[in-house]
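Asker: I have a structure I would like to understand better, so I am pasting it below and will then ask my questions one at a time.
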Ligand code: PRP
Ligand code: URA
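Residue numbers (our numbering): 47 to 254.
Set out below in structure tokens:
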């Protein structure tokens with residue numbers, strides 16, 4: 047499955063602000079939220095709708111609605127939380143699960159420290175959220191864990207992806223559609239994306 051990359055002047059403009067090291071926490075958070083909404087728009091293009099009948103002020107009208115309850119969003123803590131604010135503005139009734147992972151700075155391997163999912167997670171379509179897909183380790187570990195719980199339909203939404211991370215995730219889970227705002231050039235020797243935006247968690251939470 048080919049990754050879906052948002053290719054739009056507005057996204058390029060927003061990413062330029064996000065990448066800039068002089069952009070402060072407030073604006074950084076706001077832009078992550080805005081791009082997350084655009085990713086969600088793209089990732090729900092194949093959503094199935096239920097038939098309903100409503101009354102406009104003038105007439106009865108057969109139309110359709112989204113069953114928001116079918117969805118669960120799973121941010122990868124910490125940085126993934128920054129994408130939730132935006133997405134719940136457009137799908138406010140979706141359930142939210144959390145997985146806590148951090149990368150071991152030496153091995154770059156993900157270490158799980160928290161996992162809590164909504165009821166009947168296996169029946170829901172899950173959007174995994176993380177601004178950065180770098181080596182791919184965190185995304186793959188999250189999806190492994192969700193599949194172990196029986197989840198069948200998973201999409202991965204990120205702001206910036208490395209070519210290496212995309213390939214690794216595709217090889218591990220070729221049924222998972224990847225959505226990203228931008229595919230960057232490469233990883234550096236410390237597993238950071240170039241040009242990237244630095245450490246997403248630190249920039250969202252102002253921890254460095
Ligand atoms: C960052 C990022 C991803 C992970 C990506 O999290 O938010 O979860 O790195 O890297 P990978 O693709 O190589 O696994 P980090 O481990 O820095 O934790 P944090 O969000 O708590 O800061
Ligand atoms: N995690 C980040 O926050 N940034 C990177 O560039 C790579 C991993």
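Note that CB positions come from ideal geometry on N, CA and C, so glycine has one too.
If you're wondering where the values come from, they're calculated on a predicted model, not measured in any experiment.
Quick check: residue 239 and residue 49, are their CB atoms within less than 7 Å of each other?
Answerer: Their beta carbons are not under 7 Å apart, which means residue 239 does not touch residue 49 by this criterion.
Asker: Are the CB atoms of residue 120 and residue 172 nearer to each other than 7 Å?
Answerer: yes
Asker: Just to check my reading of the structure: residue 89 and residue 167 have Cβ atoms closer than 8 Å, yes? What is that Cβ distance to the nearest angstrom?
Answerer: 18 Å between Cβ atoms; not a contact.
Asker: Following the continuous alpha helix (DSSP H) through residue 131, name the residue where it begins and the one where it ends.
Answerer: 127-136
Asker: Mark residue 232 as exposed unless 16 or more other C-beta atoms lie within 10 angstroms of its C-beta, in which case mark it buried.
Answerer: exposed
Asker: Alpha carbon to alpha carbon, how far is residue 234 from residue 122? Give it in angstroms, no decimals.
Answerer: 22 Å
Asker: Does DSSP put residue 104 in a helix, in a strand, or in coil?
Answerer: coil
Asker: Apply the 10 Å Cβ neighbour rule to residue 179 and answer buried if 16 or more other Cβ atoms are within range, or exposed otherwise.
Answerer: Flag for residue 179 reads buried.
Asker: Where does residue 164 fall in DSSP's three states?
Answerer: coil
Asker: Please classify residue 241: does DSSP put it in a helix, a strand, or coil?
Answerer: coil
Asker: For residue 201, which of helix, strand or coil comes out of DSSP?
Answerer: strand
Asker: Give the DSSP bridge partners of residue 99, in chain order.
Answerer: Beta-bridge partners of residue 99 (DSSP): 108.
Asker: For the alpha helix (DSSP H) holding residue 215, just list the boundary residues, first then last.
Answerer: 209-218
Asker: In whole angstroms, what is the alpha-carbon distance linking residue 114 and residue 137?
Answerer: 6 Å
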